[in-house]
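As they're listed, the protein sequences go chains A and B. For the first sequence, the tail end lands on 294 under this note's numbering, and the numbers increase by one without skipping. For the second sequence, the tail end lands on 294 under this note's numbering, and the numbers increase by one without skipping. Backbone N, C-alpha and C define an ideal beta-carbon position, used for all residues, glycine too.
Number of protein chains: 2
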Amino acid sequence: MAEETGETVRWGVQRRLEFIDFRLFWDGRFNRRDLAETFGISAQQASSDIAQYTALAPGNLAYDQTLKAYLRAPTYEPKLMHASAERYLLQLVAIENRWMRQEDTWFDNTPPIENVSLLRKRTDARILLHILDAINQRGQLEIQYRSITGSPEPRRVIAPHALFHAVGRWYVRAWSNEHSDFRDYNLFRIGQAGDIVTAAIDSTLDFEWMHKIDLILAPNPALSANQQAALEAEYGMTDGRLVVTQRLSQTFYLMTEHNFDVEPDTLPPGKQQLVLLNRDEVVNARATARKLSIDAVERASR
Amino acid sequence: MAEETGETVRWGVQRRLEFIDFRLFWDGRFNRRDLAETFGISAQQASSDIAQYTALAPGNLAYDQTLKAYLRAPTYEPKLMHASAERYLLQLVAIENRWMRQEDTWFDNTPPIENVSLLRKRTDARILLHILDAINQRGQLEIQYRSITGSPEPRRVIAPHALFHAVGRWYVRAWSNEHSDFRDYNLFRIGQAGDIVTAAIDSTLDFEWMHKIDLILAPNPALSANQQAALEAEYGMTDGRLVVTQRLSQTFYLMTEHNFDVEPDTLPPGKQQLVLLNRDEVVNARATARKLSIDAVERASR
DNA sequence: CCAGACCAGTCAAGAAACACGATGGGATAT
DNA sequence: ATATCCCATCGTGTTTCTTGACTGGTCTGG
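This is the structure:
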């Protein structure tokens, strides 16, 4: 698959040509040595790869004999890579947080970056793995959970069916045997995960998850006209409105994150830059879906 | 370099063996066909790779003739990959947000995941590139900036020296010619970036960036004892205290994110789970560093 | 100023990796 | 029973690399 470029370039060669493009794009320079060392090939082979890249994109690079490196030419155009700023930044965060090693990436010198966060704990990959297996097999498993409410019994049986990311944290959407409804479990609070057995629950009955609703958002009218205009531009609003479609259960996190759940005028408007115009509708829909879901499961299990 | 494993395995072969390990770990299954297609090799070669992997880690996989796939064996142990839950999740987010294409990863069927956020705008990679070049060359450049204060003049000249991620957004730390001090610029609000010229500013004079301070955090005493204990566990506190060292300029974002900048008792304690014990010290240190920095630049430029 | 280190490029020969063609076995579907 | 789809394995040729040998340019230190 994939290699539509060129006729029949081997996978490894294609990667090396992409490496050249990557380095030219982001670093603006690379060495024959860089190529040879990151891929474990001989200098001669690296030379031939560089020649091949030059044939592909003649105006992209120039050798600087003083710096002893190939430099990005002014006429450079990305040829083989799909440059995404977000992907680049994401990899930098991953390196900074020790989630990846620099050798696993193509970075040479990473720019000075910082990640501002209080949470630096690592999740055990095996726990995530157990959750993923359970999702794939539609099974249930016992977990040890450090609940925020400090419930005395840390062991629960859940049947997970999805993962999601909200406000910087990862959650598992799952059926809870103990509570007889669908709940969110913070992935980082799961201490242990047991074996997977088949579950009886049908995840399509999780109406709070399955159903979506439109959140209608606007800049906080207490802000100055200039600030409101800036927010409209930042969120890409049309006519001063932003409509975001979200799963019902996830509206909770957006409301928390953006302080939609705080009464107006209790916070300075700078901390409540957006307002949720249909807040009552959203809250009611969520509550209704929750109730309907519980009833539906009840009926299904009879 | 990397290839310390084995004696002299070629880079491409090593990747393919890692692919097998990756799929076994996360998906629990893979095909000869998967291997052949993602790497553009023949079925025969894929067979030989599988044989090589099996020789390396005999207890890791078993062929299921009914499913026509290799399955993760119960005795599986990761051999070639460095499993990181965070890295895996990060890649899923990147795919979901269209920052990466699924073909660029080794995922087969991605599990059902969601990313809850209002901001879905893409940054232009070329703008980030200009900023990075300026950082590397210690240069300055003109940008077009959509300020939140709605300043009428959208063009500014900045000399950036670092990037950072805070509260879900990316910022550039830079010297501002117009304001004659160091400021943070939201990367997503930069509309255009001009050519880079050498800058006169010395970024080590950015004291708010260079100096760090300890934030002393504790669970909000208004919460129940159970809840406080859960927070202590989640943030890994010792003796009910969490000490986080941060750059002065970045304390602002942590204070915003965790509502340390809101007076106690205005918010329900659930929205202010942590309190900053040395808040006055932090705020004062930030203001002092800012003033000292401006003075130092003043002296240096005379 | 010139030797030595380091960067690069090239040519030729041999080894390794890989593709292609062919053959065979087991499981499932028609 | 035949077809199909997995997988494995054995030759044989081809492509891709490596190894070795030689050449040229730029910078550094004695």
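Secondary structure of residue i, DSSP reduced to three states
{"i": "A:Leu209", "result": "strand"}
{"i": "A:Trp201", "result": "helix"}
{"i": "B:Thr237", "result": "strand"}
{"i": "A:Thr190", "result": "strand"}
{"i": "A:Leu223", "result": "helix"}
{"i": "B:Gln265", "result": "coil"}
{"i": "A:Ile127", "result": "helix"}
{"i": "B:Asp231", "result": "coil"}
{"i": "A:Glu78", "result": "helix"}
{"i": "A:Ala217", "result": "helix"}
{"i": "A:Glu88", "result": "helix"}
{"i": "A:Arg118", "result": "helix"}
{"i": "A:Arg21", "result": "strand"}
{"i": "B:Glu106", "result": "strand"}
Interface residues of chain A facing residue i [CB-CB closer than 7 Å]
{"i": "B:Pro261", "result": "Here the premise fails: no neighbours, minimum Cβ distance about 12 Å."}
{"i": "B:Trp98", "result": "Correct list: empty, because the minimum Cβ distance to chain A is about 12 Å."}
Partners in chain A for residue i, counting only beta-carbon separations shorter than 8 Å
{"i": "B:Leu82", "result": "Leu82, Val85, Ala86, Trp91"}
{"i": "B:Thr141", "result": "Asn218, Gln219, Ala222"}
{"i": "B:Trp3", "result": "Gly4, Phe31, Gly32, Ile33"}
{"i": "B:Val236", "result": "Leu110"}
{"i": "B:Leu120", "result": "Ala77, Tyr80, Leu81"}
Bounding residues of the alpha helix (DSSP H) (the contiguous stretch that carries residue i)
{"i": "B:Val274", "result": "271 to 293"}
{"i": "A:Asp41", "result": "35 to 48"}
{"i": "B:Thr102", "result": "Segment: none, B:Thr102 is in no alpha helix (DSSP H) and carries neither H nor E."}
{"i": "B:Ser24", "result": "Here residue 24 of chain B turns out to be Arg, not Ser, going by the sequence shown. From DSSP, the alpha helix (DSSP H) with B:Arg24 extends over 24 to 31."}
Test: residue i CB closer than 8 Å to a CB of chain A
{"i": "B:Tyr68", "result": "no"}
{"i": "B:Glu295", "result": "For residue 295 of chain B there is no data in the structure shown, the boundaries of chain B being -7 and 294."}
{"i": "B:Leu269", "result": "no"}
{"i": "B:Glu78", "result": "yes"}
{"i": "B:Tyr245", "result": "yes"}
{"i": "B:Leu72", "result": "no"}
{"i": "B:Arg138", "result": "yes"}
{"i": "B:Met(-7)", "result": "Here B:Met(-7) scores only 32 on pLDDT, less than 50, and its place in the model should not be relied on; the value that follows carries that caveat. Chain A, which has a Cβ nearer than 8 Å to the Cβ of B:Met(-7), makes this yes."}
{"i": "B:Leu59", "result": "no"}
{"i": "B:Thr(-3)", "result": "Its pLDDT being 34, under 50, B:Thr(-3) is placed unreliably in this model, and the value from its coordinates should be taken loosely. Chain A, which has no Cβ nearer than 8 Å to the Cβ of B:Thr(-3), makes this no."}
Start and end residues, beta strand (DSSP E) containing residue i
{"i": "B:Gln136", "result": "131 to 137"}
{"i": "A:Phe11", "result": "From DSSP, A:Phe11 is part of no beta strand (DSSP E) but of the alpha helix (DSSP H) over 3 to 18."}
{"i": "B:Ala54", "result": "53 to 56"}
{"i": "A:Ile150", "result": "147 to 158"}
{"i": "B:Val254", "result": "Looking at the DSSP string, B:Val254 is not in any beta strand (DSSP E), and its letter there is neither H nor E."}
{"i": "B:Ala166", "result": "161 to 168"}
{"i": "A:Leu63", "result": "61 to 64"}
{"i": "B:Phe295", "result": "No answer is possible for residue 295 of chain B: the residues shown for chain B start at -7 and end at 294."}
Contact list for residue i against chain B, beta-carbon separation under 8 Å
{"i": "A:Trp162", "result": "Leu81"}
{"i": "A:Asp125", "result": "Gly20"}
Proximity test, Cβ basis, 8 Å: residue i and chain B
{"i": "A:Thr115", "result": "yes"}
{"i": "A:Thr258", "result": "yes"}
{"i": "A:Asn218", "result": "yes"}
{"i": "A:Gly20", "result": "yes"}
{"i": "A:Phe17", "result": "yes"}
{"i": "A:Val289", "result": "no"}
{"i": "A:Leu53", "result": "no"}
{"i": "A:Ile12", "result": "no"}
Chain A contact residues for residue i, given Cβ-Cβ distances below 9 Å
{"i": "B:Arg239", "result": "Glu106, Val108"}
Within chain B, partners of residue i - CB distance below 9 Å
{"i": "A:Arg181", "result": "Ala222, Ala225, Glu226"}
{"i": "A:Leu27", "result": "Going along chain B, no residue has its Cβ under 9 Å from A:Leu27, so there is no contact; the nearest lies around 11 Å."}
Partners in chain B for residue i, counting only beta-carbon separations shorter than 7 Å
{"i": "A:Gln242", "result": "Glu106, Val108"}
Near the ligand ZN: residue i beta-carbon under 7 Å from a heavy atom
{"i": "B:Val267", "result": "Here there are no bound small molecules, and the ligand ZN is not part of this structure."}
Selection of the stretch 147 to 175 of chain B by Cβ proximity to chain A, strictly under 8 Å: Of all residues in the stretch 147 to 175 of chain B, His153, Ala154, Leu155, Phe156, His157, Ala158, Val159, Gly160, Trp162 have a Cβ within less than 8 Å of some Cβ in chain A.
Interfacial residues, the stretch 186 to 199 of chain B to chain A, with Cβ spacing under 7 Å: Listed by position, the residues of the stretch 186 to 199 of chain B near chain A (Cβ gap below 7 Å) amount to none.
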